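Undergrad:
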Amino acid sequence: MAAMLQPQIILLKEGTDTSQGKAQLVSNINACMAVADVVRTTLGPRGMDKLIHDDKGNTTISNDGATIMKLLDIVHPAAKILVDIAKSQDSEVGDGTTTVVLLAGEFLKEAKPFIEDGVHSQNLIKSYRTASYLAIEKIKELAVSIEGKSLEEKKSLLAKCAATTLSSKLIGGEKEFFASMVVDAVMAIGSDDRLNLIGIKKVPGGNMRDSFLVNGVAFKKTFSYAEKENAEIRLSYPLQYQSIVDAEWNIIYDKLDKCVQSGAKIVLSRLAIGDLATQYFADRDLFCAGRVSEEDLQRVAAATGGTVQTSVNNVIDEVLGSCDLFEERQVGNERFNIFSGCPSGQTATIVLRGGADQFIEEAERSLHDAIMIVRRALKNSTVVAGGGAIDMEISRYLRQHARTIAGKSQLFINSYAKALEVIPRQLCDNAGFDATDVLNKLRQKHALPTGEGALYGVDINTGGIADSFANFVWEPAVVKINAINAATEAACLILSVDETVKNPKSESAQGEAAASAMGRGRGGAAFRGRGRGMGRQ
Amino acid sequence: MALAFDEFGRPFIIIKEQEQKSRLRGLDAQKANISAGKSVARILRTSLGPKGMDKMLQSPDGEVTITNDGATILEQMDVDNQIAKLMVELSRSQDYEIGDGTTGVVVMAGALLEQAERLLERGIHPIRIAEGYEMASRIAVEHLEHIAQKFNFDATNVEPLVQTCMTTLSSKIVNRCKRSLAEIAVKAVMAVADLERKDVNLDLIKVEGKVGGKLEDTELIYGIVVDKDMSHPQMPKQIEDAKIAILTCAFEPPKPKTKHKVDIDSVEKFQTLRKQEQKYFDDMVQKCKDVGATLVICQWGFDDEANHLLMHRNLPAVRWVGGVELELIAIATGGRIVPRFQELTPEKLGKAGLVREKSFGTTKDRMLYIEHCANSRAVTIFIRGGNKMMIEETKRSIHDSLCVARNLIRNNSIVYGGGSVEISCSIAVEAAADKYPGVEQYAIRAFADALDSIPMALAENSGLQPIETLSAVKSQQLKENNPYCGIDCNDVGTNDMREQNVFEALIGKQQQIFLATQVVKMILKIDDVISPNVY
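Sequence lines, in order, name chains A and B.
Under the UniProt record's numbering, the residue at position 175 of the first sequence is numbered 175, and the numbers go up by one with no gaps.
Under the UniProt record's numbering, the residue at position 301 of the second sequence is numbered 301, and the numbers go up by one with no gaps.
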């Protein structure tokens, strides 16, 4: 601290907050661990939910890691990285968002004693990277392909993956029901990449078992309003008045006629359909619905093989879609228009029911996860055993590998291996089991030289251990690969930061902008450090 | 939320505005949530059953509602707590889906939460409790199906439907003429029901009320009642075999939708314009006359000139009729809504046997009755009553009984009310509990206890000894192996609900159990509450 006694050289603007060195690193790690602690309890089938409500009075009850992280509104710059990896996991694979945050937190926790002992963080980073590479190779090796099975078989396998995802959610009680629904929906859209072809409609009321899948499109009955056009006409002779009025009517009648003549039975429009037109169609036994949302319209088009027309001219047979059955049905308090039996069948709609708005919201998020998982599994059709089995196996493999390494790296890879055990440990903690006991049983199984215990994971029902693979607790391999990758990246990123420069918060928006620009800077060079040494207790 | 400080005393901020946020975790969160849910249930508890009390609610702008409909009470209470809001939504979804039993579902959820609290104190994991509840709810629902009875009715024999509606109405303020109201509700539903598809569109039943008269004057009209009168006091008050032109266009010169402007720069032009306008009116009235209409119903207004012309040509007219009513009139009379005078044709006219204007009491209020319609698929229930609150409450009660009748048309299974099914389910769940290994067994037993709370509340509200009555009925059910014994709320002298004719729809009951379990599971699953400010 001798430097403190010398006259300071002022380099940065007054008030700029800089913190650096080891203390800074430890402080960042602490922040990340605190964030990981928040989502810790949501992991697994016995995970709990979080209720978050914001200033505006919106309430969210969720178990989804990414949703919680997003809503927490985290400002700590280092901790923000965890939010980002949760988001990226969500957009990349759709599930395992809690896992990724938890892993990153655990990697950092394991690194902390080393940092405090004076290990250079680059050493740690290097070893962590090696470990993650090895882990991923191992996952690929252990993964079981479901390729080449018959459609029926594949469907039931996919349903198992979906059920694993759903088991941790609020709708876990009906996971088989929803899993098969999700698989059917994904199968319906086939290899098409557009996720928006699966629509999820939410109708409050009813039981979740009343949810149903429409092989086609369903949307709420819409209302029609009158429309107005904007142009100005100047009349200089009152007698022309009638002609203008007539001309207008004629334009409308002409349009309507064209619709009718095209032979269509149902007319849907994104814009409003006026009173006159509604009546006109009704007189000719045509069904019409205005103000159909763009998304729904696209889906109807995809389902029925029709094309969305921007003009009523040239409506030829080819652009008309067709479906076997169109009906209006009462769903809860709403009346729904349902198109089913569509020829191309490239779309599906899930109508969700449930007791409360928040309940349906959460069900939608859960189904979204399940849909993503099924799609992923369909593309990269390899699965691994869940319930912490794969994590234990990698952990064992890494420990074994570590023994062959001479030098410091051995310690680091060992700690990486230890960090991976957080998944089964947390599963036990959340379920109220004795984590140490279960973990030791698992370690013993996995250490069997024959390798027969490689598929053993936590048995959430009995508090013991069981063969996860045989119990159909499956996850797509890509979820795990992505989680390990993202968590390692995030941990390395945080470990590589040793200085944070924070500009003073000025009154002008400029300062704000500059700070945020720096925040986005590469490598997180602009992390705002808060204090030195052990901060959070 | 508590702040952490580093050794320099600087706060350690991770979450935005961390100081202002409050956070509850773990068991504390669950306890707080449960007590919020329970207190909502406690409010409704006294409204349950035929002897349930009403609540008076005053809105911020001074409007008073008196009701014992659970959904309405909760809606008007304007609760702020998040968990309490969940209970409100629970009751609302029961209302949307079934329309009846909105109080019961909240009381049920409250009882489940109360039981859960005890289990939590004993250290049982909340998810295991929730799972146990789910298993129990399945047992209960299966048992319900087991004890449910089908009953038969058709278009001619609607007695069972009437009986069921009476059960619903008996808890309401209007129970003094429940028989007649139940009959009205059933007839209305039967009129609009599509028995083949088992679909009932309640939109076709219009419920209209008017202060004055007495409840017994409430009637069902196979047609439409509109709270409007003829546009001219001298027009005939009664039209037989009316041919109705239903218009959505005003009696005025047509306006182009495009923005327009008429330049008048000389006297001649002005006169032509004036003449033309007059001609428009003339033409319009003539067109209506030509197609043979004897009554014009118009969505828009028309000015005195048009009014005069119509009067002059002896064509009665009604103006400012709302869009929904217009549609109902069109459905009832078999007419078409005409958007333009040029489109008027004789086929598009609606037909009604009798259109009359009726005035009430000494007031000047008049209403228009359109009756004996060609197609009686749209009906109106016209409620009379001493005051506005009474009428509003009657409307809600009628709505409940309409929903009950609709549910029975959809699915004609019934269970017996008066708490008999709850007791019977409780016995079944209790018996099944022993078969489950593991912690869930406790939760299943707790579920059985919670089911008892509904008959208990019923007995309490009826002024009976709750525990004594419940245990007596329970033992009677077991002894006689008769799942139809319930609480004798009205002191009829028998416990057998079959003799008392107290029915409820099976789907309504099942829904109650499912919904309550679902919401309780959701509440139990929350272990962390993060809110923006400290309560």
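For each residue, glycine too, the CB sits at the ideal point set by N, CA and C.
Quick caveat, the model's predicted, so the values are computed rather than measured.
Looking only at C-alpha atoms, which of A:Arg-443, A:Ile-52 and A:Met-208 sits nearest to Leu-71 (chain A)?
TA: For Leu-71 (chain A), the nearest C-alpha among the options comes from A:Ile-52.
Undergrad: Assuming Arg-319 (chain B) and Phe-341 (chain B) are in contact, meaning their beta carbons sit under 8 Å apart, how far apart are those beta carbons, in whole angstroms?
TA: The pair is not a contact, with the Cβ atoms about 15 Å apart (cut-off 8 Å).
Undergrad: Please report how far the alpha carbon of Lys-521 (chain B) lies from the alpha carbon of Gly-438 (chain B), in whole angstroms.
TA: Taking the straight line joining both Cα atoms gives about 18 Å.
Undergrad: Tell me the start and end of each unbroken alpha helix (DSSP H) in the region 426-509 of chain A that is at least 4 residues and wholly inside, in chain order.
TA: Runs found: 435-446 and 477-495.
Undergrad: In the DSSP assignment, find the beta strand (DSSP E) that holds Ala-71 (chain B) and state where it starts and stops.
TA: That residue, Ala-71 (chain B), is in no beta strand (DSSP E); its alpha helix (DSSP H) goes 70-77.
Undergrad: Of all Cβ atoms in chain A, is any one closer than 9 Å to the Cβ of Lys-509 (chain B)?
TA: Chain A, which has no Cβ nearer than 9 Å to the Cβ of Lys-509 (chain B), makes this no.
Undergrad: Against chain A, with Cβ distances strictly below 9 Å, would Thr-46 (chain B) count as a contact?
TA: False, the Cβ-Cβ gap to chain A never drops below 9 Å.
Undergrad: When the Cβ atoms of the region 433-450 of chain A are set against those of the region 417-425 of chain A, are three or more pairs found closer than 8 Å?
TA: The answer is yes - the region 417-425 of chain A touches the region 433-450 of chain A, with three or more Cβ pairs under 8 Å.
Undergrad: If you check the beta carbons only, do Leu-144 (chain B) and Ile-454 (chain B) fall under 9 Å apart?
TA: Going by C-beta atoms, Leu-144 (chain B) is not nearer than 9 Å to Ile-454 (chain B).
Undergrad: DSSP three-state call for Glu-252 (chain B): helix, strand or coil?
TA: Three-state DSSP puts Glu-252 (chain B) in coil, outside helix and strand.
Undergrad: From the DSSP output, which residues share a beta bridge with Thr-380 (chain B)?
TA: B:Lys-206 and B:Ile-221.
Undergrad: Should Asn-157 (chain B) be labelled buried (16 or more other beta-carbon atoms within 10 Å of its own) or exposed?
TA: Label assigned to Asn-157 (chain B): exposed.
Undergrad: Please report how far the alpha carbon of Glu-392 (chain B) lies from the alpha carbon of Leu-215 (chain B), in whole angstroms.
TA: Straight-line Cα distance between these residues: approximately 12 Å.
Undergrad: For Ala-282 (chain A), would you say it is in contact with chain B, using Cβ-to-Cβ distances shorter than 9 Å as the test?
TA: Ala-282 (chain A) counts as touching chain B.
Undergrad: Should the region 196-215 of chain B be called in touch with the region 382-401 of chain B, which here means at least 3 C-beta pairs below 8 Å?
TA: The region 196-215 of chain B, when compared against the region 382-401 of chain B, does touch it at the 8 Å Cβ threshold.
Undergrad: Alpha carbon to alpha carbon, how far is Glu-131 (chain B) from Cys-298 (chain B)? Give it in angstroms, no decimals.
TA: If you take the alpha carbons of Cys-298 (chain B) and Glu-131 (chain B), they lie about 59 Å apart.
Undergrad: Counting only the same chain and skipping the five closest in sequence on each side, list residues whose C-beta sits under 6 Å from that of Gln-465 (chain B).
TA: Result list for Gln-465 (chain B): empty, nothing under 6 Å.
Undergrad: So with CB distances below 7 Å, who are the chain B contacts of Gln-330 (chain A)?
TA: In chain order: Asp-199.
Undergrad: Does the beta carbon of Gln-358 (chain A) sit closer than 9 Å to a beta carbon anywhere in chain B?
TA: Closer than 9 Å to some Cβ of chain B, the Cβ of Gln-358 (chain A) qualifies, so yes.
Undergrad: Within 10 angstroms of its Cβ, does Trp-474 (chain A) collect 16 or more other Cβ (buried), or is it exposed?
TA: So Trp-474 (chain A) ends up on the buried side.
Undergrad: Check the Cβ of Glu-252 (chain B) against every Cβ in chain A and list those closer than 8 Å, keeping chain order.
TA: By Cβ distance, chain A contributes nothing, its closest Cβ being about 12 Å from Glu-252 (chain B), past 8 Å.
Undergrad: In the DSSP assignment, what residue or residues form a beta bridge with Gly-205 (chain A)?
TA: Per DSSP, A:Gly-354.
Undergrad: Reducing DSSP to helix, strand and coil, say where Thr-65 (chain B) ends up.
TA: Of the three classes helix, strand and coil, the one that applies to Thr-65 (chain B) here is strand, per DSSP.
Undergrad: Are the beta-carbon atoms belonging to Ala-135 (chain A) and Leu-398 (chain A) less than 9 Å from one another?
TA: Yes.
Undergrad: Below 8 Å CB to CB, which residues in the same chain sit around Arg-22 (chain A) once its five sequence neighbours on both sides are set aside?
TA: The residue asked about is misnamed: residue 22 (chain A) is Lys in this sequence, not Arg. So the qualifying residues of the chain are Ile-115, Glu-116, Gly-118 and Asp-498.
Undergrad: Taking the alpha carbon of Val-296 (chain B) as the point to measure from, which residue in B:Gly-99, B:Gly-123, B:Ala-352 and B:Pro-254 has its own alpha carbon closest?
TA: Ranking B:Gly-99, B:Gly-123, B:Ala-352 and B:Pro-254 by Cα distance to Val-296 (chain B) puts B:Ala-352 first.
Undergrad: Taking 7 Å as the limit between beta carbons, can you name the residues of its chain near Asp-95 (chain B), skipping five residues before and five after?
TA: Closer than 7 Å at Cβ, skipping near neighbours: Ala-71 and Thr-102.
Undergrad: Pick helix, strand or coil for Lys-160 (chain A), following the three-state DSSP scheme.
TA: Three-state result, Lys-160 (chain A): helix.
Undergrad: Taking CB distances under 9 Å as the criterion, tell me whether Glu-411 (chain B) reaches chain A.
TA: Per the sequence presented here, residue 411 (chain B) reads as Asn, with Glu not at that position. So no, Asn-411 (chain B) is outside the interface.
Undergrad: Does DSSP classify Arg-118 (chain B) as helix, strand or coil?
TA: In this structure, Arg-118 (chain B) counts as helix in the three-state DSSP scheme.
Undergrad: Return the CA-CA distance between Cys-489 (chain B) and Glu-153 (chain A), expressed in angstroms with no decimal places.
TA: Their backbone Cα atoms lie some 57 Å apart in a straight line.
Undergrad: Please say whether Val-338 (chain B) and Ile-329 (chain B) have beta carbons closer to each other than 9 Å?
TA: No. Outside cutoff.
Undergrad: Establish whether the CB of Gly-432 (chain A) and some CB of chain B are separated by less than 9 Å.
TA: Yes, because at least one Cβ of chain B sits closer than 9 Å to the Cβ of Gly-432 (chain A).
Undergrad: Exposed or buried, what is Gly-493 (chain B) when buried is set at 16 or more other beta-carbons lying within 10 Å of its beta-carbon?
TA: Flag for Gly-493 (chain B) reads exposed.
Undergrad: If Gly-199 (chain A) sits next to Asp-296 (chain A), beta carbons under 8 Å apart, how far is it from one beta carbon to the other, in whole angstroms?
TA: Rounded, the Cβ-Cβ distance is 7 Å, consistent with contact.
Undergrad: Three Cβ pairs or more, each shorter than 8 Å: is that satisfied between the region 97-104 of chain A and the region 25-44 of chain A?
TA: Yes: at least three Cβ pairs fall under 8 Å.
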